[in-house]
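Here's the structure we're looking at; comments come further down.
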Amino acid sequence: MNPKAAGAWMHISRRNFLHGMTASAGTLWSSRVTGLDNLAGRQFDCVVLDLTSHCVLGESLQGYQAAFADEHHCLAADRLDSRWRCRMVIAPGVGMMDPAIGRMLLELVQGGTRLVLESGAGFLSPAETAAHQRMLFRCFELEVEPPVDLWSGKLADDDLFASRSSPHRRKTIDGRQAIPYVRYVWPREIMVRGFTRVIPVSAKLGEVIGWVGSLAVASKRPVGRGTLIFLGSPLGPALRASDPEARSWLQSVVSV
Amino acid sequence: MAFCALFTRLLSASRPQKNGDSALAGIAHTIIFWATPEDALRLGAASAAANCLAGSPGATRLGHIRRLQNEIRLETIETGPEHFRYDSFLRSSWSAQEGVMKKSIGDNMIPRGWSFEQGLELVKKAGYDGIELWLGEVPWFQMNTTDTQVTELRRKVENAGLVVSNVSTGLHWKTPLSARDPKVRAEAIRIVERELETAQLLGCDAILVVTGLVTQEVPYNEVYQRCLDAMQQLTPVAAKARVKIGCENCNSEQRFLLTPREFWTFLNEVDSPFVGIHLDVGNIHDTGFAEQWIEMHGPRITRIHLKDVMKKRGRCCDTVYTSLFIGDNDWPAIRAALTKVRYDGWLIAEMEARYRYAQDQQFYDTAADMDRLISAKL
Numbered sequence: 340m341n342p343k344a345a346g347a348w349m350h351i352s353r354r355n356f357l358h359g360m361t362a363s364a365g366t367l368w369s370s371r372v373t374g375l376d377n378l379a380g381r382q383f384d385c386v387v388l389d390l391t392s393h394c395v396l397g398e399s400l401q402g403y404q405a406a407f408a409d410e411h412h413c414l415a416a417d418r419l420d421s422r423w424r425c426r427m428v429i430a431p432g433v434g435m436m437d438p439a440i441g442r443m444l445l446e447l448v449q450g451g452t453r454l455v456l457e458s459g460a461g462f463l464s465p466a467e468t469a470a471h472q473r474m475l476f477r478c479f480e481l482e483v484e485p486p487v488d489l490w491s492g493k494l495a496d497d498d499l500f501a502s503r504s505s506p507h508r509r510k511t512i513d514g515r516q517a518i519p520y521v522r523y524v525w526p527r528e529i530m531v532r533g534f535t536r537v538i539p540v541s542a543k544l545g546e547v548i549g550w551v552g553s554l555a556v557a558s559k560r561p562v563g564r565g566t567l568i569f570l571g572s573p574l575g576p577a578l579r580a581s582d583p584e585a586r587s588w589l590q591s592v593v594s595v
Numbered sequence: 005m006a007f008c009a010l011f012t013r014l015l016s017a018s019r020p021q022k023n024g025d026s027a028l029a030g031i032a033h034t035i036i037f038w039a040t041p042e043d044a045l046r047l048g049a050a051s052a053a054a055n056c057l058a059g060s061p062g063a064t065r066l067g068h069i070r071r072l073q074n075e076i077r078l079e080t081i082e083t084g085p086e087h088f089r090y091d092s093f094l095r096s097s098w099s100a101q102e103g104v105m106k107k108s109i110g111d112n113m114i115p116r117g118w119s120f121e122q123g124l125e126l127v128k129k130a131g132y133d134g135i136e137l138w139l140g141e142v143p144w145f146q147m148n149t150t151d152t153q154v155t156e157l158r159r160k161v162e163n164a165g166l167v168v169s170n171v172s173t174g175l176h177w178k179t180p181l182s183a184r185d186p187k188v189r190a191e192a193i194r195i196v197e198r199e200l201e202t203a204q205l206l207g208c209d210a211i212l213v214v215t216g217l218v219t220q221e222v223p224y225n226e227v228y229q230r231c232l233d234a235m236q237q238l239t240p241v242a243a244k245a246r247v248k249i250g251c252e253n254c255n256s257e258q259r260f261l262l263t264p265r266e267f268w269t270f271l272n273e274v275d276s277p278f279v280g281i282h283l284d285v286g287n288i289h290d291t292g293f294a295e296q297w298i299e300m301h302g303p304r305i306t307r308i309h310l311k312d313v314m315k316k317r318g319r320c321c322d323t324v325y326t327s328l329f330i331g332d333n334d335w336p337a338i339r340a341a342l343t344k345v346r347y348d349g350w351l352i353a354e355m356e357a358r359y360r361y362a363q364d365q366q367f368y369d370t371a372a373d374m375d376r377l378i379s380a381k382l
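Quick note, the sequences are listed as chains A and B, same order. Using our numbering, the first residue of the first sequence is number 340, and each one after it goes up by one. Using our numbering, the first residue of the second sequence is number 5, and each one after it goes up by one.
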């Protein structure tokens, strides 16, 4: 078809055309450089959040990255934007969190994101743990207790190994010897090895999805249009060690 | 890179140099930064030949290089081309010196209450060539021992007519590289770094590290991954210090890397000429045979710990370890394996079973046993 006949012909000089093209290209380029395009509604399926110094278990972050391989975006927390649409965000090995990042994560959840918040507080000092507890409550209304050491007892043959390794006896919970596994009951029933010191979570709000004996160590709670999942026993190290159950549980959470 | 170091060593071995050697130094410099091992050899041979023509001491060097080339061909056939680079380097440079194996004993064997100087005198009198220094296990060598104090230790060792064979530590039993607590792991890394630093100060080129501990609490796969991470983190430090990390096989106590093949795989994954195995022939217990470990790891063995073991008589501390030739190790087979892999490095006595009385006598008896082992008259 002759474009002129169809009325599609525009009267534009070559100079104006070139000016226009250059300007458009420049605008596109500068918006990318300055990050303005981030403001647009970018969409992610799965984001693994790198909290940098606030991630106290680096191996946990690596575990999630390894488990997702190429099927995720790993972003530094300060690059995340609450206007984005993320189906799932994972924050591994959380120690402390900048309140602004906490607010942004909450906004994302309210907008429909499924947020997995993995506590890395098991090995923090008592003061750091207290700050961690306050942060979780302030940002997410999560009530957690100080870590419980599942291996705090002493084996009968500890003395034999005095100069060598020091294996521990498992702690007793409710008079029974605690098994070293977290039993997840959602989204599928599965057992994954606990990470020595677990953070019990209150079951007041939401639903308990993981137990060590009678200790609730994982929970989920609807927040706005999204879901907040709290893990009191880090899963990342098990993912890093290629634990098949840990990977299968994560896959289930992603595909729910 | 490894070969280049060797090549420069060959160069320096035949000083004083004549005119052609300045050109050789230039070539060596080029090799250090650019050449592959194969190229290094070719360049080395060519330059040595050129030096011969110039009438310099290059003739000797050419002989060295040709012999080295023969060894490398043999090694390539034995282990496959994928390990060409490391194994050839290791075989030719990890040994203490060409020739006879040397005897050493740990300073943690020095009877309680004795001073370091008294201990050194005993070690020398008993006929050892060197001493192994145990970081964190003796009062004179702790984590907080300063560099100056470490240098002073070296002076004392040398004044006694000995050398430091290597630096070891048992600190990783309490502070393992495989701990779940990141702070403990950081401390464990610092211990290895201090071992490397002190090894440099003490003039030796190998340290011992207990790599990781599998426990009921910390499972095998986690330990493996963390140890791999730790070794990869430490490799550049070791390379910079020119000190090799020998991961000890503490099979039964560590419950980690239980077979020689597993250990081999681990070292392959670490993939550094600065990480090898500090082989303890007494630690293999009833999980294998020391001679097979020697055969399999030959060129990667940084040092050898000697003790005997009584199999099937319990584990650890009280009952299982004993003096050489009393236990169940097959010493003729071990000696033959050492010959087979051409190990000519340090043998270090680590007698976990100590004499209850006349403790100094154990130094003499063990030295005599080691001489007998070295002489292969078994």
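Note that CB positions come from ideal geometry on N, CA and C, so glycine has one too.
Check: Partner residues on chain A for E252/B, Cβ-Cβ distance less than 9 Å; Outcome: Simply none; closest approach about 12 Å.
Check: L444/A to L454/A span [Cα, whole Å]; Outcome: 8 Å
Check: Chain A residues whose Cβ lies nearer than 7 Å to that of D185/B; Outcome: F462
Check: Between the CA atoms of R477/A and F260/B - distance to the nearest angstrom; Outcome: 43 Å
Check: 7 Å Cβ cut-off: residues of chain A touching Q229/B; Outcome: R579 and A580
Check: Closer than 8 Å to chain A by CB, P143/B; Outcome: no
Check: H412/A - partner residues in DSSP beta bridges; Outcome: V386/A
Check: Per-residue burial, P303/B [other beta carbons within 10 Å of its own, 16 or more giving buried]; Outcome: buried
Check: Proximity of L310/B and L271/B at Cβ, strictly below 8 Å; Outcome: no
Check: Residue-level contact to chain B via CB, F534/A, 8 Å cutoff; Outcome: yes
Check: Presumed contact (8 Å Cβ cut-off) between N255/B and I211/B, rounded CB distance; Outcome: No, N255/B and I211/B are not in contact; Cβ-Cβ is about 20 Å, not under 8 Å.
Check: Chain-ordered chain A contacts of L115/B [CB-CB under 8 Å]; Outcome: Residue 115/B is actually Pro in this sequence, not Leu. Those within 8 Å of P115/B in chain A number zero; the least Cβ separation is about 17 Å.
Check: Cross-chain neighbours of V524/A in chain B, by beta carbon under 7 Å; Outcome: Ordered by position in chain B, no residue passes the 7 Å Cβ test against V524/A, which lies about 22 Å from the chain.
Check: Which residues DSSP lists as bridging V592/A, in chain order; Outcome: Looking at the DSSP assignment, V592/A forms no beta bridge with any residue, so it has no partner.
Check: Any 3 or more C-beta pairs closer than 8 Å across the segment 332-342 of chain B and the segment 190-206 of chain B; Outcome: no
Check: With 16 other Cβ atoms within 10 Å as the buried cut-off, status of S108/B; Outcome: buried
Check: For D284/B, the residue or residues it bridges with in DSSP; Outcome: H309/B
Check: Residue environment, D389/A, which counts as buried when at least 16 other CB atoms sit within 10 Å; Outcome: buried
Check: Closest residue to A585/A among R522/A, E546/A and L567/A (Cα-Cα distance); Outcome: R522/A
Check: Closer than 8 Å to chain A by CB, Q287/B; Outcome: As written in the sequence, residue 287/B is Asn, which differs from the Gln given in the question. For N287/B, the answer is no, since every Cβ of chain A falls outside 8 Å of its Cβ.
Check: Proximity of K248/B and D209/B at Cβ, strictly below 8 Å; Outcome: yes
Check: From V218/B, E273/B, P277/B and I281/B, residue whose alpha carbon lies closest to that of A245/B; Outcome: P277/B
Check: Pair within 8 Å by beta-carbon distance, L124/B and V168/B; Outcome: no
Check: Residues of the segment 191-204 of chain B with Cβ closer than 9 Å to any Cβ of chain A, in chain order; Outcome: none
Check: Contact list for V395/A against chain B, beta-carbon separation under 9 Å; Outcome: P186
Check: Y347/B to M105/B span [Cα, whole Å]; Outcome: 8 Å
Check: Residue ranges of each alpha helix (DSSP H) within the segment 209-253 of chain B, 4 or longer; Outcome: 224-245
Check: Residue-chain proximity (N225/B, chain A), Cβ-Cβ < 8 Å; Outcome: yes
Check: From V171/B, V279/B and G134/B, residue whose alpha carbon lies closest to that of S163/B; Outcome: Residue identity check: residue 163/B is Asn in the sequence provided, not Ser. Checking every option, the nearest Cα to that of N163/B belongs to G134/B.
Check: Through-space distance from P180/B to E546/A, alpha-carbon basis; Outcome: 37 Å
Check: Residue-chain proximity (P465/A, chain B), Cβ-Cβ < 8 Å; Outcome: no
Check: Within chain B, the residues that W550/A reaches when beta carbons sit closer than 7 Å; Outcome: Neighbours of W550/A on chain B: none; closest Cβ ~19 Å, over 7 Å.
Check: Beta carbon proximity, E221/B to chain A, threshold 8 Å; Outcome: yes
Check: Environment of L72/B [buried if 16+ CB atoms lie within 10 Å]; Outcome: At L72/B, the pLDDT of 46 sits below 50, so the modelled position is not reliable and the matter cannot be decided from this model.
Check: Beta carbon of S399/A nearer than 8 Å to that of E480/A; Outcome: no
Check: Reduced DSSP secondary structure (H/G/I, E/B, other) of Q256/B; Outcome: Before going on, a small fix: residue 256/B reads as Ser here, not Gln. Helix, per DSSP.
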